[in-house]
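Participant: Protein chains in written order, with full-length UniProt numbering: chain A, 1 to 129; chain B, 1 to 129.
C-beta: ideal position from N, C-alpha, C; glycine also.
Note that the structure is a prediction, hence the values are computed from the model and not measured.
2 protein chains.
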Amino acid sequence: MKINQLAKQADVPAKTIRYYEEIGLLKPAERADNGYRIYREADVHTLLFIRRCRDLQISLEDIKTMIAAQVDDSAPCTNVDNIIKQQLERVRVARDELNKLEQSLTMLANSCKRNKVSECGILHKLTGE
Amino acid sequence: MKINQLAKQADVPAKTIRYYEEIGLLKPAERADNGYRIYREADVHTLLFIRRCRDLQISLEDIKTMIAAQVDDSAPCTNVDNIIKQQLERVRVARDELNKLEQSLTMLANSCKRNKVSECGILHKLTGE
DNA sequence: CCTTGACCTTCCAGTTGCTGGAAACTTTAT
DNA sequence: ATAAAGTTTCCAGCAACTGGAAGGTCAAGG
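Laid out in structure tokens, this is it:
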């Protein structure tokens, strides 16, 4: 199949597929005589795997590691496990951070009482109380 | 004062200060005879304002808008108010997204029972159950 | 047969918010 | 006098794409 079909099946833009190949996340696609890239079913699966990982905000570097890990069936999956755990930790930290942000922003948003810059509570707070 | 002193007082790297000037967030600094940038107290305040906004993950574009808004004291602060509200909304959406991510990742992390790639629950789930 | 439009290719540039480093200058300290 | 630290500019790179230009290819319709 050609790149746009793969793109549709995996729900990943064709442009992104080429990019993944360029950075070595996907191995170089076979080419037809006219130079077009040709893909198979297996590529749909690989790409879906990548997409699911990206949905979890796992970095392309980590995804690369996980794909490499899948090559050797009997190897321990410590790497994969660690990547998920680290990602989970990052997500928790980021979420906690955003919770604090939400608090600060809510307070700020509530401090705009009068409608003039010179009396704007938001600006007063941001300029140092 | 020179750039590194400003950097220390506002807790913003000198490099970043030059960058802010370059993109027009800070107006071009005065220069001494030797070409060094010179700053005053007011610049500390401006930079602190920027830093507080950045801590709230407000974009440089939005910060630019807010700084512009401060010029005219009698103007309405609708812009400022909107920026904070939109930022709050973005933060909430991002946080909710991260909460979902955390759930998915927690489930994933718990599904690595055996220690071989071929039996790794994580990989099985990520490759499509 | 020709053209139109949809695909495909490569390459270059831009996004956001910096950060690192090189090369050249000045200033400060010893 | 010399070395270290601070400053300048400019160029490059990070992540993960995305947009667009310029050009080749292919199938359908007139």
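Name the residues in the region 70-103 of chain B whose C-beta lies less than 8 Å from a C-beta of chain A; which are they?
Facilitator: The region 70-103 of chain B vs chain A, Cβ under 8 Å: Q70, D72, D73, S74, A75, P76, C77, T78, V80, D81, I84, K85, Q87, L88, V91, R92, A94, R95, L98, N99, L101 and E102.
Participant: Report the neighbours of B/L25 on chain A: residues whose CB is nearer than 9 Å to its CB, in chain order.
Facilitator: For the purposes of this step, residue 25 of chain B is taken as residue 25 along the second sequence, with counting starting at 1. What B/L25 touches in chain A: nothing, since even the nearest Cβ is about 15 Å away.
Participant: So B/E102 packs on A/R37, CB below 8 Å; how close in whole Å?
Facilitator: Taking the first residue of the second sequence as position 1, residue 102 of chain B is located at position 102. Taking the first residue of the first sequence as position 1, residue 37 of chain A is located at position 37. With a Cβ gap of about 37 Å, B/E102 and A/R37 do not count as contacting.
Participant: Using a Cβ-Cβ distance under 9 Å, would A/Q57 count as near chain B?
Facilitator: Mapped onto the first sequence, residue 57 of chain A falls at position 57. So, interface residue.
Participant: 9 Å is my cut-off, CB to CB: does A/V12 come that close to chain B?
Facilitator: Counting from 1 along the first sequence, the entry for residue 12 of chain A is found at position 12. Taking Cβ atoms only, chain B never reaches closer than 9 Å to A/V12, which makes this a no.
Participant: Does the beta-carbon distance from A/A14 to A/R51 come in below 9 Å?
Facilitator: Looking up residue 14 of chain A in the first sequence gives position 14. Looking up residue 51 of chain A in the first sequence gives position 51. Contact flag unset, no.
Participant: Check the Cβ-Cβ distances between residue 146 of chain A and every residue of chain B, and say whether any is below 9 Å.
Facilitator: Because chain A in this structure spans residues 1 to 129, residue 146 of chain A falls outside the shown range and cannot be described.
Participant: So, is the C-beta of B/T106 closer than 9 Å to a C-beta in chain A?
Facilitator: Looking up residue 106 of chain B in the second sequence gives position 106. Closer than 9 Å: yes.
Participant: Taking buried to mean at least 16 other C-beta atoms within 10 Å of its own C-beta, is A/V71 buried or exposed?
Facilitator: Translated into positions along the first sequence, residue 71 of chain A becomes position 71. Exposed, by the Cβ-count rule.
Participant: Looking at C-alpha atoms only, which residue of B/M66, B/L48 and B/S59 is the closest neighbour of A/I122?
Facilitator: For this step, residue 122 of chain A is matched to residue 122 along the first sequence. Of B/M66, B/L48 and B/S59, the residue nearest in Cα terms is B/M66.
Participant: In angstroms with no decimal places, state the Cα-to-Cα distance between A/V44 and A/K100.
Facilitator: Position 44 of the first sequence, counted from the first residue, corresponds to residue 44 of chain A. Position 100 of the first sequence, counted from the first residue, corresponds to residue 100 of chain A. The alpha-carbon atoms of A/V44 and A/K100 are separated by roughly 40 Å.
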